[in-house]
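To convert, take the position in the sequence shown, counting from 1, and add 433; that gives our numbering. Heads up: the structure comes next, in structure tokens.
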Amino acid sequence: MNGSSRAVYELTRLFFRLVFRCVLDFRVSGTEHVPARGPAILVANHPCAIDGFLVIAAVRRRVYGWMRAPNFAPAWRAWYLRALGNRPVGAGEDNRDTMAWSEDLLRRGGVLLLGPEGDVTIPPPVGPFKGGFLKIALKLGAPVVPVAIVGSEKILSEPRRPTLLRHHIPHRARVDLKVLPPMWFENPGLDRTLFEAQLGEVRRGIGAAVDDLLRARAAEKVSL
434 MNGSSRAVYE LTRLFFRLVF RCVLDFRVSG TEHVPARGPA ILVANHPCAI DGFLVIAAVR
494 RRVYGWMRAP NFAPAWRAWY LRALGNRPVG AGEDNRDTMA WSEDLLRRGG VLLLGPEGDV
554 TIPPPVGPFK GGFLKIALKL GAPVVPVAIV GSEKILSEPR RPTLLRHHIP HRARVDLKVL
614 PPMWFENPGL DRTLFEAQLG EVRRGIGAAV DDLLRARAAE KVSL
């Protein structure tokens with residue numbers, strides 16, 4: 434990580450921590466489950482376009498991630514997103530460079546943050562998962578760390594595709610972010626049935642945590 438990239442990340446983290454502290458009732462738990470060192474793949478549900486910044490604000494270690502290829506335009510935004518630690522992915526596109534970059538990052542002990550739903554999906558339920566993260570985890574033996582997010586869809590007036598300036602103004606909201614214990618998987622032959630079962634295990638774990646958080650909020654009569 435070069436100096437300018439580190440500065441961009443740390444300034445972004447500081448900015449969003451201040452914003453979230455002022456605007457949100459942001460409740461974070463389980464961050465001790467993120468390994469203190471070594472590779473890890475954080476896998477989160479994705480209720481709002483701002484979710485990546487919530488994780489950056491909540492987790493002590495630096496995280497890197499994938500983002501939709503259309504987000505890397507114009508050029509100034511591409512520069513910022515890459516400096517922040519993101520790489521583009523596109524459905525049906527050649528993503529081999531991003532996959533190679535991700536594997537290299539994990540081999541060097543980095544932390545990768547992914548949203549396997551592939552797009553913003555407001556729970557419940559948690560949407561279907563794509564299996565790219567699990568293929569990397571199986572190949573490198575990296576732990577999968579599930580993350581459940583509830584309430585972030587209320588931060589922005591346009592949670593899925595914020596484009597206008599007013600779409601990016603955060604609103605007062607209660608947001609819960611819960612990090613679950615790491616999961617390790619083995620599937621040497623990439624058996625398809627086992628692979629789907631393992632993928633489902635991660636999704637069910639996040640879905641159950643989301644449901645638990647929603648029940649707790651209902652019991653507290655949370656209106657935000």
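Beta carbons: idealized from backbone N, C-alpha and C, even for Gly.
Which term fits residue i, buried or exposed, when burial requires 16 or more other beta carbons within 10 angstroms of its beta carbon?
i      : result
ASN504 : exposed
PHE562 : buried
THR626 : exposed
GLY543 : buried
GLU653 : exposed
ASP552 : exposed
GLY471 : exposed
Measure the Cβ-Cβ separation of residue i and residue j and say whether it is below 7 Å.
i      : j      : result
ASP484 : SER585 : yes
PRO576 : PRO615 : yes
PRO595 : ALA482 : yes
LEU571 : ASN620 : yes
SER462 : LYS587 : no
ILE602 : PRO480 : no
ALA490 : PHE449 : yes
LEU538 : THR445 : no
Would you list the residues sitting across from residue i in a DSSP beta bridge?
i      : result
ALA606 : LEU457
SER462 : LYS611
TYR497 : LEU545
Alpha carbon to alpha carbon, what distance is there between residue j and residue i?
i      : j      : result
GLY622 : PHE628 : 10 Å
VAL583 : GLU465 : 19 Å
PRO579 : LEU598 : 32 Å
ARG425 : PHE486 : For residue 425 there is no data in the structure shown, the boundaries of the chain being 434 and 657.
LEU646 : ARG541 : 34 Å
GLY638 : ALA473 : 17 Å
TYR442 : ARG460 : 22 Å
VAL456 : ARG607 : 9 Å
ARG520 : SER438 : 13 Å
ARG515 : VAL635 : 28 Å
TYR513 : GLY436 : 14 Å
Just to confirm, does residue i get its C-beta within under 6 Å of one of the non-hydrogen atoms of the ligand GDP?
i      : result
SER535 : The model depicted lacks the ligand GDP and carries no ligand whatsoever.
Can you name, in chain order, every residue of its own chain whose Cβ lies under 6 Å from the Cβ of residue i, other than the five neighbours on each side?
i      : result
LEU546 : LEU475, VAL488, VAL496 and GLY498
CB-CB under 7 Å to residue i, same chain, minus the five flanking residues each way: which ones, in chain order?
i      : result
ARG494 : VAL467 and VAL544
GLU591 : HIS600
Beta-carbon within less than 8 Å of residue i's beta-carbon, same chain only, minus the 5 sequence neighbours each way: which residues are those?
i      : result
GLU536 : ILE569, LYS572 and LEU573
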